[in-house]
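J.: Questions regarding the structure given below will be posed in turn.
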Amino acid sequence: MGSEGKDVDVIVVGAGLAGLSAATQLRRAGKTVLVLEASDRVGGRCKPGEIVGRRIDHGGQWIGAEHHRYRAAAKERGIELAPQFDEGDAMLHRGGRAKSYAGALPPLPKVALAEVALAQRRIAADVKNLPEGALPHMATRSAILDALTVEGWLRRHVRSVPARELLRVAIAAIVCAPLAEVSYLHFLEIVRQGGGLESMVAVAGGAQQDVVVGGAWSLPEALGEELAGALRLGQPVRRITQDDAGVSVFTGAGGAGADEFRARRAIVAVPPPLVAEIDFSPALPARRQNLLRRQMMGEVIKVHVAYEAPFWRGGGLSGSALGLDLAIGVVFDAGEGAGDHAGAGVLVALIEAEHATRLAEMSTQDRREEVIGDLVAIFGEAAAEPVDYTECVWREEEWARGGYAAHLVPGAITTHDASFAEPHGRVHWAGTEIAREFTGYFEGALESGARAAGEIIRPGGGVDGGEAARS
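For the record, in the sequence shown the residue sitting at position 411 is 415 according to the numbering used here, with numbers rising by one throughout.
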């Protein structure tokens, strides 16, 4: 059981980066904590894997240039970062043909590239009009923007078919959902927090600037080891009750066989679909329940394909690619920086939104054949004979239900105008979906966990008592 047992200051539900961040901050403030995790590992949507003897990331992978919290936490623990390999030409597949290109602009007609640039400026202008430090529903014309889908916005403002195709792939790589299902207002908030659309899709100076040597799971692994005495795996939380003295958290199958843990406060740091399955007493406010029902997890399949050698590098290619007419939307070289030439070469491919939904219904073998076929279409016959293949279908992950994060459907924000971060009595919230910076990223998870811990820690060093939520 360790030194921290069933009666502590704070129980943290979920051992993803948000929950681990919260627990670490509370521990450093001298509080006793207990972290309850349903899975058999820490990390949440940061999930490790292996291919040809090399650790890879089935989940989140990249560390952006402005992701200072992750960088600081990694540096403190001796975890190294390396630049995402981006030397050489990239590839574009469109209209049944593959073309290589240098620089940031893919080989599309000039009118299409001009429309893409104009669309980026319009999105940036709409982001700029969001109120600084306020909730999205407080924005000017918020109801109009919230009723509009991202797909509706594209059809209204982008006439060029190639421009629309490129923007669809770029945006789907962020939200992992059909653009006809995503509130344009919520998309603007995602872009605002992410530092702008250009930064979110960029490598150098952007959200894909660096990778973690040894895999991004190195950080949650280290945090989990630091919290070992206060961490319980295989403990799915089913029910949370609260009274004026504290909270009771019940795990297991429920009923007489449930384990009960007691604390003064709780932080719930799990994905929205899992929050919706917890029985709260008193119940969550109706507006919060309605928001949870309208918050949908993204659809994404992440695939790693290994070859005897990184043949693309020898051909002057970076391994980066965009597929505008393929199941694969985005491809990257999965090596750990420019110096990683020895041994096998690994490509990581991302399948998002409608394509992920379709491929998720296939058998593993059929899915593998389509993925390899797409890579051959992009890189040629050299991609036809991999030595290893591994994948993660994120909708099948029991304790995530999708990835990278959840999005809000049209009308959800302005109809229910609630803050996801507002405490429910003694229950506080964390998770990348409710971050104030970099929602959808590791950075957002870390920020949200630190914020939730800060709501409980007071300047005097005590744990705030407060009152239970009233039904």
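Even for Gly, the Cβ is constructed at its ideal location relative to N, Cα and C.
From a predicted model like this one, the values you see are computed outputs, not experimental measurements.
For Gly198, name the three-state secondary structure that DSSP assigns.
T.: Note: Gly198 maps to helix in three-state DSSP.
J.: When you compare each of Gly34, Glu451, His428, Gly48 to Leu237 by their alpha carbons, which one comes out closest?
T.: The shortest Cα separation from Leu237 among Gly34, Glu451, His428, Gly48 belongs to Gly48.
J.: Considering only the beta carbon of each residue, do Lys35 and Ile460 sit closer than 9 Å?
T.: Against a cut-off of 9 Å, the Cβ pair of Ile460 and Lys35 comes out as a contact.
J.: Can you name, in chain order, every residue of its own chain whose Cβ lies under 8 Å from the Cβ of Ala267, other than the five neighbours on each side?
T.: Result list for Ala267: Asp11, Val12, Asp13, Val14, Ile15, Leu38, Gly250, Val251, Val253, in chain order.
J.: Taking 9 Å as the threshold (C-beta atoms), are Gln213 and Val207 in contact?
T.: Yes, these two residues count as a Cβ contact at 9 Å.
J.: Can you give me the C-alpha to C-alpha distance between Phe89 and Glu340, rounded to a whole angstrom?
T.: Looking at the two C-alpha atoms, the distance is approximately 7 Å.
J.: Just tell me which of Ala106, Ala102, Pro286, Glu119 has its CA closest to the CA of Arg243.
T.: Per the Cα distances, Pro286.
J.: Taking DSSP as the reference, what is the three-state secondary structure of Val391?
T.: In this structure, Val391 counts as coil in the three-state DSSP scheme.
J.: Looking at chain D, is there any beta carbon in it that lies within less than 9 Å of the beta carbon of Pro135?
T.: In the structure shown, chain D does not exist; there is a single protein chain.
J.: Can you give me the start and stop residues for the alpha helix (DSSP H) that Thr418 sits inside?
T.: Element bounds for Thr418: 416 to 420.
J.: Going by beta-carbon coordinates alone, are Ala331 and Arg362 separated by less than 9 Å?
T.: Against a cut-off of 9 Å, the Cβ pair of Arg362 and Ala331 comes out as a contact.
J.: Given a cut-off of 9 Å, decide if Ala108 and Ala167 are closer than it, judged by their beta-carbon atoms.
T.: Taking 9 Å as the Cβ cut-off, Ala167 and Ala108 do not qualify as a contacting pair.
J.: Check whether the Cβ atoms of Tyr393 and Ile376 lie closer than 9 Å to each other.
T.: Yes, the Cβ-Cβ distance between Tyr393 and Ile376 is below 9 Å.
J.: Looking at the unbroken beta strand (DSSP E) that takes in Tyr105, where does it start and where does it end?
T.: Note, Tyr105: beta strand (DSSP E), 101 to 105.
J.: Assuming Leu170 and Pro224 make a contact with CB atoms under 8 Å, what is their CB distance in whole Å?
T.: Contact doesn't hold; Cβ gap of about 34 Å is too wide.
J.: Which whole-angstrom value describes the C-beta separation of Val431 and Val272, a residue pair presumed to lie in contact below a C-beta threshold of 8 Å?
T.: Contact holds; Cβ gap of about 6 Å.
J.: Where does Gly6 fall in DSSP's three states?
T.: Summary for Gly6: the model assigns pLDDT 39, below 50, so the residue's position carries little reliability; its value from the coordinates is reported in the next sentence. The answer is coil: DSSP assigns Gly6 none of H, G, I, E or B.
J.: Who are the near neighbours of Arg372 in its chain, counting only those whose CB is closer than 7 Å to its CB and skipping five residues on each side?
T.: These residues qualify, in order along the chain: Tyr393.
J.: Please look up how many angstroms separate the CB atoms of Cys180 and Glu437, rounded, as I've assumed it's under 8 Å.
T.: That belief does not hold up - the Cβ atoms of Cys180 and Glu437 are roughly 13 Å apart, past 8 Å.
J.: Taking a contact to mean a Cβ-Cβ separation below 9 Å, would you say Leu321 touches Ser164 in this structure?
T.: It is not a contact, given that the beta carbons lie outside the stated cut-off.
J.: Mind listing, in chain order, the continuous alpha helix (DSSP H) runs of no fewer than 4 residues lying wholly within the stretch 188 to 247?
T.: You should have 188 to 198, 201 to 205, 222 to 230.
J.: What distance in whole Å lies between the Cβ atoms of Glu451 and Arg440, which are believed to be in contact at a cut-off of 8 Å?
T.: Between Glu451 and Arg440 the Cβ distance is about 6 Å, and since that is below 8 Å, they are a contact.
J.: Could you compute how far the alpha carbon of Ala19 sits from the alpha carbon of Ala388?
T.: Between Ala19 and Ala388, the C-alpha separation is close to 39 Å.
J.: Starting from Arg266, trace the beta strand (DSSP E) in both directions and tell me its first and last residue.
T.: Taken as a continuous stretch (DSSP letters only), the beta strand (DSSP E) holding Arg266 covers 263 to 272.
J.: What three-state label does DSSP hand Phe89 in the structure shown?
T.: Here Phe89 sits in coil by DSSP.
J.: Please report the distance separating the alpha-carbon of Arg31 from that of Pro275.
T.: Going by the C-alpha atoms only, they are around 23 Å apart.
J.: Report all residues from its chain with a CB closer than 6 Å to the CB of Ile453; omit the five preceding and five following residues, and keep chain order.
T.: Ile is not the amino acid found at residue 453; the sequence shown has Gly there. Once the five neighbours on either side are set aside, the close Cβ partners of Gly453 are Ala22, Ser25, Ala26, Ala434.
J.: Going residue by residue through the stretch 339 to 369, where are the continuous beta strand (DSSP E) segments of at least 3 residues, counting only ones entirely within it?
T.: Segments of the beta strand (DSSP E) lying fully in the stretch 339 to 369: 349 to 356.
J.: Write down the C-beta distance between Val216 and Ala310 rounded to the nearest angstrom, noting that I regard them as a contact closer than 8 Å.
T.: Incorrect: roughly 19 Å between the Cβ atoms, too far for contact.
J.: In angstroms, rounded to a whole number, what distance separates the CA positions of Ser7 and Phe336?
T.: Residue confidence is low: Ser7 scores 39 on pLDDT, short of 50, so the model does not pin down where it sits. No coordinate-derived value is stated.
J.: Is the stretch 404 to 416 close to the stretch 295 to 302, with three or more CB pairs under 8 Å?
T.: Contact between the stretch 404 to 416 and the stretch 295 to 302 is present, because at least three Cβ pairs lie under 8 Å.
J.: I think Leu326 touches Val173, with their Cβ atoms under 8 Å apart; what is that distance to the nearest whole Å?
T.: With 8 Å as the limit, Leu326 and Val173 qualify as a contact, their Cβ atoms being about 6 Å apart.
J.: Could you pull the DSSP bridge partners for Ser285 from this structure?
T.: Paired residues: Thr245.
J.: Considering only residues of the stretch 25 to 53, which uninterrupted beta strand (DSSP E) runs meet the minimum length of 3 residues and lie entirely inside it, listed in chain order?
T.: Whole beta strand (DSSP E) segments, 3+ residues: 37 to 40.
J.: Any chance you could list the alpha helix (DSSP H) runs of at least 4 consecutive residues sitting entirely within the stretch 130 to 176, in chain order?
T.: Here the runs fully enclosed are 146 to 151, 154 to 161.
J.: Helix, strand or coil: which one does DSSP assign to Phe315?
T.: Here Phe315 sits in helix by DSSP.
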